[in-house]
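Here is the structure we will look at, set down as structure tokens.
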Amino acid sequence: MSSKRILIYGIVALCLLGLYVAGRRTAQKPRPTASGNAAPEFSVTDIDGKKLSLSDYRGKVILLDFWATWCTPCRAEIPHFVEMQQKYGPQGFQVVGISMDDDAKPVKEFYRQFNMNYPVAVGDDKLAQSFGGVLGLPVNFIIDREGRIHAKYLGATDVSVIDKAVSALLANP
Amino acid sequence: MKKLIYLIAILATTLALAGVASAQAALPANDPIPQSSLITPEQLNQSLNTAHKPLILNVGPRSMYTQAHVPGAEYMGAGSSDAGQQKLRDRVKSLPKNAAIVVYCGCCPWGHCPNMHPAYQVLHSLGFTNVKAVYIANDFGTDWVNKGLPVAKGE
Numbered sequence: 042m043s044s045k046r047i048l049i050y051g052i053v054a055l056c057l058l059g060l061y062v063a064g065r066r067t068a069q070k071p072r073p074t075a076s077g078n079a080a081p082e083f084s085v086t087d088i089d090g091k092k093l094s095l096s097d098y099r100g101k102v103i104l105l106d107f108w109a110t111w112c113t114p115c116r117a118e119i120p121h122f123v124e125m126q127q128k129y130g131p132q133g134f135q136v137v138g139i140s141m142d143d144d145a146k147p148v149k150e151f152y153r154q155f156n157m158n159y160p161v162a163v164g165d166d167k168l169a170q171s172f173g174g175v176l177g178l179p180v181n182f183i184i185d186r187e188g189r190i191h192a193k194y195l196g197a198t199d200v201s202v203i204d205k206a207v208s209a210l211l212a213n214p
Numbered sequence: 146m147k148k149l150i151y152l153i154a155i156l157a158t159t160l161a162l163a164g165v166a167s168a169q170a171a172l173p174a175n176d177p178i179p180q181s182s183l184i185t186p187e188q189l190n191q192s193l194n195t196a197h198k199p200l201i202l203n204v205g206p207r208s209m210y211t212q213a214h215v216p217g218a219e220y221m222g223a224g225s226s227d228a229g230q231q232k233l234r235d236r237v238k239s240l241p242k243n244a245a246i247v248v249y250c251g252c253c254p255w256g257h258c259p260n261m262h263p264a265y266q267v268l269h270s271l272g273f274t275n276v277k278a279v280y281i282a283n284d285f286g287t288d289w290v291n292k293g294l295p296v297a298k299g300e
């Protein structure tokens, strides 16, 4: 084999290696996962002491938000979710917040501070496991009017992406 | 022909460097925790099978620890909380200053994690010289569980 040919093969191999490594990094970015499975039913007590069941909102498009007060990306999303609840609520939209804080005290303070306008409960590992595990925050599920998981978003997600998915579902009653 | 080879060589070098730079982005620059103290999830996993396994301390939220944690890891509480920091101090007070200690969280993306830096700082300020922090870029689910690394569940 000539030295020129060896050089060209070497260069091509380097190109492929570079593309492979860059591609792997890109592939690890958070992305939505469509599911189609029925959302697991749960019944918990919200931070006001009221019963909160997912089935109470059957027929509505639900944004189920797993979050925590100490989670910076989660905190950044909350004002947008408050706005979405206001904007889309009359069309049959409901945000439900499940905080993964260890106790309710900081959640209650945060709820008041951020003027949250949707029900919030403190979740536990069992509830998280029923949704496939919450091993990083935030995790958002969009659930359609029939109670099926339409999309799952892991990690900080552009809220406009969530807004778009919700408004598309609301447009198809 | 020579020109073509040079052109391809430049292109290849650029792509290779892009790949290497992208891989290096796995460890953050200008982080409050020095790079020399950061290890990857894979490095921690390798250390699990060694004779001198480090003391592994979870400094994240309890609900995530009970769902899945590194086998053998002890739960300290959130590194950002006073209670978590106190438990951390209590746990290490009888250890020699050169004890191998690994702290990890994985509650949220590294740049947003409120627990790692305070936990590392507690150990550093106590004079521990062999403390490693696991760099979890996204979260424990993405960077540990989904990679098929071993997990334990429960308390």
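Protein chains in written order, with our numbering: chain A, 42 to 214; chain B, 146 to 300. Here a beta-carbon is modelled for each residue, glycine too, at the ideal position from N, C-alpha and C.
| field | Chain-ordered chain B contacts of Gly196/A [CB-CB under 9 Å] | value | Cys253, Pro254, Asn283, Asp284, Thr287
| task | Taking only beta-carbon positions, decide if Met261/B is within less than 7 Å of chain D. | result | This model lacks chain D altogether; the protein chains it does include are A and B.
| query | If you follow the alpha helix (DSSP H) that Val123/A is part of, which residue opens it and which one closes it? | reply | 113 to 129
| field | Selection from Asn156/A, Val136/A, Asn181/A, Gln132/A that minimises the alpha carbon distance to Asn213/A | value | Gln132/A
| request: Note down, in chain order, each residue of its chain lying with its Cβ closer than 8 Å to the Cβ of Ser182/B, except the 5 sequence neighbours on either side. | output: Tyr265, Val276, Lys277, Ala278
| Closer than 7 Å, Cβ to any Cβ of chain A: which residues of the segment 193 to 207 of chain B, in chain order? | Pro206, Arg207
| message | So, for Val62/A: in the same chain, excluding its five sequence neighbours on each side, which residues have a beta-carbon less than 8 Å away from its beta-carbon? | response | Note that Val62/A scores a pLDDT of 47, beneath 50, so its modelled location is shaky and nothing firm can be said.
| Opposing strand residues paired with Lys277/B [DSSP bridges] | Val247/B
| said: Counting only beta-carbon separations shorter than 7 Å, does Leu178/A have a partner in chain B? | reply: yes
| request: Give me the Cβ distance between Leu176/A and Ala213/B, rounded to the nearest whole Å; I'm assuming they're in contact under 8 Å. | output: 6 Å
| task | Could you check if Gly64/A is buried or exposed, using at least 16 other CB atoms within 10 Å of its CB as the buried criterion? | result | In this prediction, Gly64/A scores a pLDDT of 44, lower than 50, which makes its location untrustworthy; the coordinate-derived value is nonetheless stated afterwards. With fewer than 16 Cβ atoms within 10 Å of its Cβ, Gly64/A is classed as exposed.
| Alpha-carbon spacing of Gln170/A relative to Tyr50/A, whole angstroms | 49 Å
| Quick one: what's got a C-beta closer than 7 Å to Ser96/A's C-beta in the same chain, skipping five residues either side? | Glu82
| said: Within the continuous beta strand (DSSP E) that includes Gly138/A, where are the two ends? | reply: 134 to 140
| request: On the DSSP bridge assignment, give the partners of Val265/A in chain order. | output: This structure cannot settle anything about residue 265/A, because the visible part of chain A is limited to 42 through 214.
| request: Enumerate in chain order the residues of its own chain whose CB-to-CB distance from Asp199/A is below 6 Å, with the five nearest sequence positions on each side excluded. | output: none
| So what does DSSP say about Phe107/A, is it helix, strand or coil? | strand
| said: To be precise: take each residue of the segment 223 to 236 of chain B, compare its Cβ to all Cβ atoms of chain A, and keep it if any distance is under 9 Å. Which residues remain? | reply: Ala223, Ser225, Ser226
| query | In chain A, which residues lie less than 8 Å from Gln120/B when you measure between Cβ atoms? | reply | Lying before the first or after the last residue shown, residue 120/B is absent from chain B, which here runs from 146 to 300.
| query | Can you find at least 3 beta carbon pairs, one from the segment 215 to 235 of chain B and one from the segment 177 to 195 of chain A, that sit closer than 8 Å? | reply | no
| message | Does the CB of Pro114/A have a neighbour CB from chain B at under 7 Å? | response | yes
| message | Using beta carbons (cut-off 7 Å, strictly below), is Val248/B in contact with chain A? | response | no
| query | What is the DSSP secondary structure of Ala264/B, counted as helix, strand or coil? | reply | helix
| On the premise that Ile103/A lies in contact with Gln135/A, defined as a C-beta separation below 8 Å, what is that separation, rounded to the nearest angstrom? | 5 Å
| said: According to DSSP, simplified to helix, strand and coil, what is Tyr159/A? | reply: coil
| request: Check whether the segment 199 to 206 of chain B touches the segment 240 to 251 of chain B, taking contact to mean three or more Cβ pairs, one atom from each stretch, closer than 8 Å. | output: yes
| task | Would you identify the three-state DSSP class for His269/B, choosing helix, strand or coil? | result | helix
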